[in-house]
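Student: My questions all concern the structure below.
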């Protein structure tokens, strides 16, 4: 479960960066017979960078939620401080 969660976050983060800044990853996108380039072209055509970024932060929030709830139940002051810091 942890490995799948980390893989999902990494994939969303990479997709967000590759769509927003494709020129940074030209050497990676041209590897493996151009498959990453085709995936990047598909993502650029169909996915908005803002939507990918929002999805990434939503996934991080959902994955962190059980830990934050446990913290709030065990140490309410620390939980409130973390929540205040996360919300800005």
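Numbering (the working numbering), first residue to last: 25 to 112. Every residue gets a Cβ at the ideal spot worked out from N, C-alpha and C, and that includes glycine.
#1: Select from 36, 64, 35 the residue whose C-alpha is nearest the C-alpha of residue 49.
#2: If I measure Cβ to Cβ from residue 68 and keep anything under 6 Å in the same chain, skipping five residues before and after, which residues do I get?
#3: Residues in its own chain within less than 7 Å of residue 60 by CB, not counting five upstream and five downstream?
#4: Please tell me whether residue 83 and residue 26 are closer than 8 Å, where the distance is taken between their beta carbons.
#5: So residue 74 is in the alpha helix (DSSP H); what residue range does that whole segment cover?
#6: For residue 76, which residues of its own chain have a beta-carbon under 7 Å away from its beta-carbon, when the five flanking residues on both sides are left out?
#7: Have a look at residue 93 and residue 108 and give me their C-alpha separation to the nearest angstrom.
#8: Is DSSP giving residue 45 helix, strand or coil here?
#9: Can you say whether residue 30 is buried or exposed, counting buried as having 16 or more other CB atoms within 10 angstroms of its CB?
Tutor: From the atom records:
#1: 64
#2: 43
#3: 52, 53
#4: no
#5: 73-98
#6: 36, 39, 40, 43
#7: 14 Å
#8: coil
#9: Exposed, by the Cβ-count rule.
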